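One structure is given here, and the rest of the page talks about it.
Residue numbers (my numbering): 3 to 465.
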């Protein structure tokens, strides 16, 4: 912090003189190495340096020091007045300003340490060491300013650095513990995947995600980190071995599947020209079930075999569809014939009027119906429903006639009338014998049986 110019001296070099200046020149201090305060001044030049220095200065040097008649420069502290140098280059105010700038440099260093302690707590130990060095320099510093407050600030940095260091160490320990815990979680997850997962793609993707996250986790000591890395690496290798074995076995199985599907393709191609429509269609369905059950062959081979299998199927079913279309065209003629037949007979068959004639006409209709032959599937239902309606009307009329003329039903009705006549005869005999009470009872029973007889006759007639 000392200025080695011949006109400004520090410490106890009071009364020093400068070499004789040349004509027309004014001697002054030579600049030393640029200080932070000097750099700040250079960044913002001003035509009034004295005024600017006062505006940006940490303290007013005139308040804390003086220059006597001999050029000795003094600074006032709590311990008294101390000479810090001498000024022989100009007016006393310039000397005070010069040593005030040295104080500003010290103040800038203190501010830098205070800021560093707040912004870089992890470097608290280094900051404290720098503050301790600065604390030793302040009592003898060749500077003019509030050195006492500066010393207090430096002491505060030294004192507070211990607390900051402890908190930083605690945070570092907490971060280290959290980082270790997270890597242990990731290692455990990787071990579970490596030991049992068979979701090969999803598991492989997850292991890559774990690795990416692993690389971002820092702050763990080398020994612990190496141990955790070995766990993760071992788990990943175990998964890769199992996956490799799986796909190797899969390749072997797919070679076997390829042979099975080649046989299925040959069978499908052999049947493609068959005209046994129903049986061959059933056989193709069975072949499809076998194809699905066989599994996957190697992709290229599987795709090629499927094209052949599908082509054979399409050949057969296209032929069947063509034959069905031809048949349906023929059946459409039959449908039109049956439609005309129904229109012809629906008005002629009247079982309620003449049951015997209706039966004969129905047999004639049924015979001609069968001779026409098959109709298209979509026309079959409506046509069948119409002829079934005619057959049902004749059948119901026949049932009604049979119930009406049923001999057993008529016999039962006759038996009821016989009972009526028996009770009437009993009533006449009892009346003739003077037995009125017995006569009334017999007439009552005769009336009951008469009701039953009439009901039986009505049932026969309404069948």
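Note that the Cβ used here is the ideal one computed from N, Cα and C, for glycine as well. Here the structure is a predicted model, which means the values were calculated and not measured.
Check your understanding: beta strand (DSSP E) containing residue 247: first to last residue?
Key -> Element bounds for residue 247: not the beta strand (DSSP E) but the alpha helix (DSSP H), 224-273.
Check your understanding: Ends of the alpha helix (DSSP H) at residue 112?
Key -> 94-121
Check your understanding: Does the Cβ-Cβ distance between residue 454 and residue 418 come in under 8 angstroms?
Key -> yes
Review point. Residue 142 to residue 164, Cα distance in whole Å?
Key: 26 angstroms
Exercise for review: Have a look at the DSSP bridge pairing and note the partners of residue 76.
Suggested key: 68 and 85
Point to revise | 7 angstroms Cβ shell around residue 256 - same chain, five flanking residues per side excluded | key: 298, 299 and 300
Check your understanding: To which residues of the same chain is residue 403 closer than 7 angstroms at the C-beta, ignoring the five residues directly before and after it?
Key -> 357
Exercise for review: Could you check the C-alpha separation between residue 335 and residue 342 for me, to the nearest Å?
Suggested key: 11 angstroms
Practice item. Put residue 298 into one of helix, strand or coil per three-state DSSP. Key: coil
Point to revise | Proximal residues to residue 76 (C-beta, below 6 angstroms), its chain only, five neighbours per side dropped | key: 67, 68, 83 and 85
Check your understanding: When the Cβ atoms of the stretch 382-396 are set against those of the stretch 351-369, are three or more pairs found closer than 8 angstroms?
Key -> yes
**Study point:** Nearest to residue 207 (by Cα), restricted to the options 218, 195 and 217
**Key:** 195
**Study point:** Nearest-angstrom Cα separation, counted from residue 108 out to residue 26
**Key:** Residue placement at residue 26 cannot be trusted, given a pLDDT of 36 that sits under 50; the coordinates are not used to answer.
Review point. Do you know offhand how far residue 320's Cα is from residue 270's?
Key: 14 angstroms
Check your understanding: What are the boundary residues of the alpha helix (DSSP H) that residue 129 is part of?
Key -> 126-139
Review point. Excluding sequence positions up to five away, which residues of its chain have a Cβ less than 7 angstroms from the Cβ of residue 311?
Key: 266, 267, 270 and 293
Exercise for review: Note down, in chain order, each residue of its chain lying with its Cβ closer than 6 angstroms to the Cβ of residue 284, except the 5 sequence neighbours on either side.
Suggested key: none
Point to revise | Complete runs of the alpha helix (DSSP H) confined to the stretch 134-212 [at least 4 residues] | key: 149-198
**Study point:** Cutoff 7 angstroms; reference residue 33; Cβ partners in own chain excluding five residues on either side
**Key:** Because the pLDDT at residue 33 is just 38, under 50, the model does not fix this residue reliably, and the value given afterwards should be weighed accordingly. Cβ neighbours of residue 33 beyond the five flanking positions: none.
Point to revise | Integer Cβ distance of residue 102 from residue 144, believed to fall under 8 angstroms | key: Residue 102 to residue 144, Cβ: 11 angstroms. No contact.
Point to revise | Which of helix, strand or coil DSSP assigns to residue 442 | key: helix
Practice item. Could you check the C-alpha separation between residue 383 and residue 332 for me, to the nearest Å? Key: 17 angstroms
Review point. Which residues in the same chain as residue 156 place their Cβ atom closer than 7 angstroms to its Cβ, once the five residues preceding and following it in sequence are excluded?
Key: 112, 133, 136, 137 and 140
Check your understanding: What is the rounded straight-line gap between the Cα of residue 127 and the Cα of residue 96?
Key -> 39 angstroms
Review point. Can you give the Cα-Cα distance for residue 180 and residue 227, rounded to whole angstroms?
Key: 13 angstroms
Review point. By the 10 Å Cβ neighbour count, where 16 or more other Cβ atoms means buried, how is residue 243 classified, buried or exposed?
Key: exposed
**Study point:** Host alpha helix (DSSP H) of residue 362 (start-end)
**Key:** 357-374
**Study point:** Exposure of residue 200, with buried meaning 16 or more beta-carbon neighbours within 10 Å
**Key:** exposed
Exercise for review: Return yes when the Cβ of residue 296 is within less than 8 angstroms of the Cβ of residue 263, no when it is not.
Suggested key: yes
**Study point:** Identity of the residue in 221, 236, 307 and 177 nearest residue 260 by Cα
**Key:** 307
Exercise for review: Classify residue 444 as buried or exposed, calling it buried when 16 or more other Cβ atoms lie within 10 Å of its own Cβ.
Suggested key: buried
Check your understanding: So, helix, strand or coil for residue 310, using DSSP?
Key -> helix
Exercise for review: Below 7 angstroms CB to CB, which residues in the same chain sit around residue 303 once its five sequence neighbours on both sides are set aside?
Suggested key: 260
**Study point:** Residues near residue 351 in its chain [Cβ-Cβ closer than 8 angstroms; skip 5 each side]
**Key:** 360, 363, 364, 367, 392, 395 and 396
**Study point:** Whether residue 279 touches residue 324 by CB criterion (8 angstroms)
**Key:** no
Practice item. With DSSP as the reference, label residue 303 as helix, strand or coil. Key: helix
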